[in-house]
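Contents: one structure, followed by commentary.
Structural data, given as C-alpha cells:
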C-alpha cells in the first residue's frame with residue numbers, strides 16, 4: 155500500500171472518530187483533501203495508445219441478461235452484431251447475483267395478463283408503465299424456455315450458459331473494454347468508444363444502432379454487489395442528448411451490520427445457488443420503510459428468523475404510504491428483493507433450497523409477519539444499495555414499447571432503460587431478471603429493423619480527437635484527485651439515511667451544494683495512474699453526475715410516493731405529481747427537468 | 003481483508019476475467035494471478051466460484067475502512 159493510501163485511511167478514521175459520521179460533511183472535505191490531491195505517479199504512457207476500429211450494424215454494450223438477449227435477437231433478425239463489456243459475459247453487473255426469474259404461463263396461471271398488469275399498477279400507485287409491465291409477463295416464459303435450452307438453470311455461474319448462443323452465432327464478444335463515450339453524428343447514433351483494461355488500446359465502434367445494456371448503478375456501496383455499475387450508460391446517453399428518468403426513486407436494500415461490506419456473506423448461500431423460476435406474488439416492497447424505522451428508532455434493526463416477530467416490533471406512526479391491499483401487519487423487512495431484484499421473500503429459512511423451476515406454484519398468502527430479506531438474519535444496517543433506484547425505474551426514457559430512446563438508433567434494455575416496468579417500487583419477485591431478458595429481445599429486434607433503413611454512419615476525425623482527449627485526460631494530468639478519494643467523499647455526502655432515504659429540502663440542497671463542488675472542481679481534476687484507475691476516474695465522474703440528478707429530481711418531487719419519501723411532503727399529491735420526471739441536457743450544457751404524465755409517452759420533436 | 007490469498011494458481015486467467023471490479027491481474031513475470039487492487043473488492047466471491055482449482059481465499063472484512071451511513 156502506498157503512502158497516499160495510508161494517509162487516506164488515517165483521514166477516514168480521524169473523520170469517523172471526530173464527527174461520529176453525522177456532522178462531518180465539511181470535516182470530511184478538509185481532512186481528506188490533504189491526502190487526496192497529489193502528483194500523478196503514472197504507470198502507463200498516455201502518448202502510447204494503439205487503436206482498434208470496429209464496424210457493425212448493432213453494438214450491444216453490456217453483457218448481462220439484457221445484453222445477452224439483445225445480441226441474440228438482433229443477430230437472429232439478420233443484423234451484424236458485436237457485444238462489448240467492461241466485465242465478462244454473465245459475470246458482471248447484477249445479473250450474476252439474480253437467482254429468481256419470473257415465468258408467466260397464461261395457460262396455467264390463476265391470473266390473466268390483464269389481471270396481473272392491473273394488480274402491479276395498483277401496487278405501483280400509477281408509477282409503472284403498464285405497457286412494459288404487460289410485455290414482461292407476456293414474453294417471460296418464452297425467454298425462460300430459451301435460457302433453459304442453453305443450460306441456464308444447471309449452474310449458479312452464468313458465463314457458460316450465456317456463451318452457448320453467443321458462440322453458436324459467432325457473435326464477436328469484446329470483454330474488459332470500458333466504453334466511455336456514445337457517439338452521435340448528424341442527429342443520430344454513430345457508435346461508441348472506450349479503452350481496454352488490459353492493454354493501452356482505444357476502441358472505436360462505428361455502428362448503425364447501439365443498445366445500452368449497461369445496467370443502472372449505485373455509489374459503489376458496501377454490502378451489495380453493484381460496485382461495477384456506476385450509471386455509465388445513463389450518463390453517456392445524457393451527454394449526447396438522451397432523456398433519462400427515475401432518479402428520485404430508491405432501492406432500500408439493507409445489509410448486515412456485521413462485516414457490512416461482505417456482499418457474499420450478507421446474502422447467505424444465495425450466490426452459490428442455481429437460478430429458479432418465480433410465479434405471481436405481487437407486493438409493495440419499499441425498503442425505504444426500513445430506513446424510516448431506523449431514522450425514527452435508531453439502528454440496528456433486529457430481524458430475528460424469518461416468519462417470527464422481529465425483536466423490535468414497536469409500532470411506528472407515519473412513514474411511507476403503503477396501499478391497504480398490500481399492507482403487512484408486521485414491521486417491514488426492508489427491500490424485499492434479493493440482489494438483482496430476483497429473490498423470493500419470506501420463502502423459508504434463509505431462502506435456502508431453491509424452489510424447483512417450472513410448475514405452477516402461485517402463492518396467494520401475503521408475506522408473513524416479520525418476513526426479512528431472504529438469507530439475512532441478525533442486525534441489519536441501511537445504505538447497502540445506496541445510489542440505486544428501483545430496478546427498471548431509472549435510465550433512458552423510452553419513446554415507445556420498443557425500448558427506443560429519443561436519439562435515433564439508440565436503444566436501451568434492462569436496468570439501463572427507465573421503462574417503469576414494475577413502477578417505482580418492487581412489485582413482482584423475479585420480474586427484474588425476466589424483464590431484462592424480455593426487453594433485451596425487444597430492443598434487439600427493433601434495432602435490427604432500424605438498421606435496414608439507414609446507411610452506415612461515419613465518425614468524423616474531429617469527434618475522434620475530442621473523444622480521445624476526454625477519455626485519456628485523467629492519465630495526462632500531472633496532478634489531481636484520486637478517484638477513490640472523490641468517490642469516498644461522494645459516498646459521505648450521498649449515503650447517509652437523511653439524504654436520499656428520508657428526504658427534506660434543506661438537506662437535499664445542502665448535499666447538492668457539495669455535489670456541485672465535486673462536479674465543478676474535482677471531476678475536472680480526476681487523475682489516473684494506470685488503466686484500472688482510468689476506469690475509476692470515468693466511473694466516479696458518472697456517479698457525480700448521477701448524484702446531481704438524484705438530488706435535483708428529489709427536490710423537485712414535492713410529495714411522497716413509493717420509494718421516494720419526503721419528510722416535509724409526506725403525502726401523495728395526485729393533483730400535481732401523477733407524472734414521471736425526465737432529465738435532459740440543454741444545448742447550453744445545463745441540466746433540465748420536465749414532467750411526463752403517468753401512462754403517456756414523451757413528446758418527440 | 004476481502005480477497006486475501008491465492009494459492010495453487012495455474013495461471014488460467016479466469017478469475018481476472020470474472021472479477022466485476024477488476025481487482026485481479028496476471029503477474030507478467032510469474033504468469034499467476036495476483037491481488038492488485040484489493041481496495042475495490044466487493045466481496046462477491048465470483049472469482050472464487052469460477053476458479054477451476056479452488057485457489058482463492060476470501061474473508062468478509064473490507065480492506066479499507068467501511069463507510070456505512072447508519073447502523
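Residue numbers (our numbering), protein chains in the order written: chain A, 155 to 759; chain B, 3 to 73.
All C-beta atoms, glycine included, are put in the ideal place defined by N, C-alpha and C.
As for any alpha helix (DSSP H) of minimum length 4 sitting wholly inside the stretch 627–707 of chain A, the runs are 637–648 and 659–671, ordered along the chain. As the crow flies, the alpha-carbon of residue 433 (chain A) is around 8 Å from that of residue 583 (chain A). Residue 451 (chain A) counts as exposed, since fewer than 16 other beta carbons sit within 10 angstroms of its beta carbon. Residue-level contact by beta carbon fails for residue 480 (chain A) and chain B, as no gap is shorter than 8 Å. Contact between the stretch 719–729 of chain A and the stretch 649–659 of chain A is present: three or more C-beta pairs spanning the two stretches fall below 8 Å. Shown here for residue 409 (chain A): same chain residues with a beta carbon closer than 6 Å to its own, the five before and five after excluded, namely 377, 420, 535 and 538 in chain order. In this structure, the beta-carbon distance from residue 385 (chain A) to residue 625 (chain A) does not fall below 8 Å. Under the 8 Å Cβ criterion, the stretch 420–430 of chain A does not count as touching the stretch 728–737 of chain A, having fewer than three qualifying pairs. A residue is called buried once 16 or more other Cβ atoms fall within 10 Å of its Cβ, and residue 396 (chain A) is buried on that count. Under DSSP, residue 751 (chain A) takes part in a beta bridge, and its partners are A:733.
Interface residue (Cβ-Cβ distance to chain B less than 8 Å): residue 425 (chain A) is classified as such. Cβ-Cβ separation between residue 688 (chain A) and residue 279 (chain A): approximately 42 Å, too far for a contact (criterion under 8 Å). Under the three-state reduction of DSSP, residue 206 (chain A) is assigned to strand. Around the C-beta of residue 31 (chain B), fewer than 16 other C-beta atoms lie within 10 Å, and the residue is accordingly described as exposed. When C-beta distances to chain A are compared with 8 Å, the residues of the stretch 34–66 of chain B below that value are 38, 39, 41, 42, 44, 45, 46, 47, 48, 51, 52, 60, 62, 63, 64 and 66, in chain order. Within chain B, the residues 22, 23, 42 and 44 have their CB atoms less than 8 Å from the CB of residue 381 (chain A), given in chain order. Taking residue 326 (chain A) as the centre and dropping the five residues before and after it, the same chain places the C-beta of 236 closer than 6 Å to its C-beta, in chain order. Every beta strand (DSSP E) of 3 residues or more that sits fully in the stretch 372–438 of chain A is shown, in chain order, as 430–432. Identification of residues in the stretch 355–366 of chain A having a C-beta nearer than 7 Å to some C-beta of chain B yields an empty set.
In the DSSP assignment, residue 18 (chain B) falls outside any beta strand (DSSP E) and lies within the alpha helix (DSSP H) extending over 16–20. Per DSSP, reduced to three states, the secondary structure at residue 320 (chain A) is helical.
The beta carbon of residue 629 (chain A) sits no closer than 8 Å to any beta carbon of chain B. Exposure of residue 609 (chain A) is indicated by the presence of fewer than 16 other C-beta atoms within 10 angstroms of its C-beta.
The C-alpha of residue 4 (chain B) is placed about 6 Å away from the C-alpha of residue 62 (chain B).
Separation of the CB atoms of residue 48 (chain B) and residue 21 (chain B) is rounded to 7 Å, and the pair is thereby assigned contact status at 8 Å. Contact with chain B is found for residue 689 (chain A), since one of that chain's Cβ atoms lies less than 8 Å from the residue's Cβ.
By alpha-carbon distance to residue 375 (chain A), the top candidate from A:406, A:399 and A:363 is A:406.
Here the stretch 696–708 of chain A does not lie against the stretch 204–223 of chain A, with fewer than 3 beta-carbon pairs under 8 Å apart.
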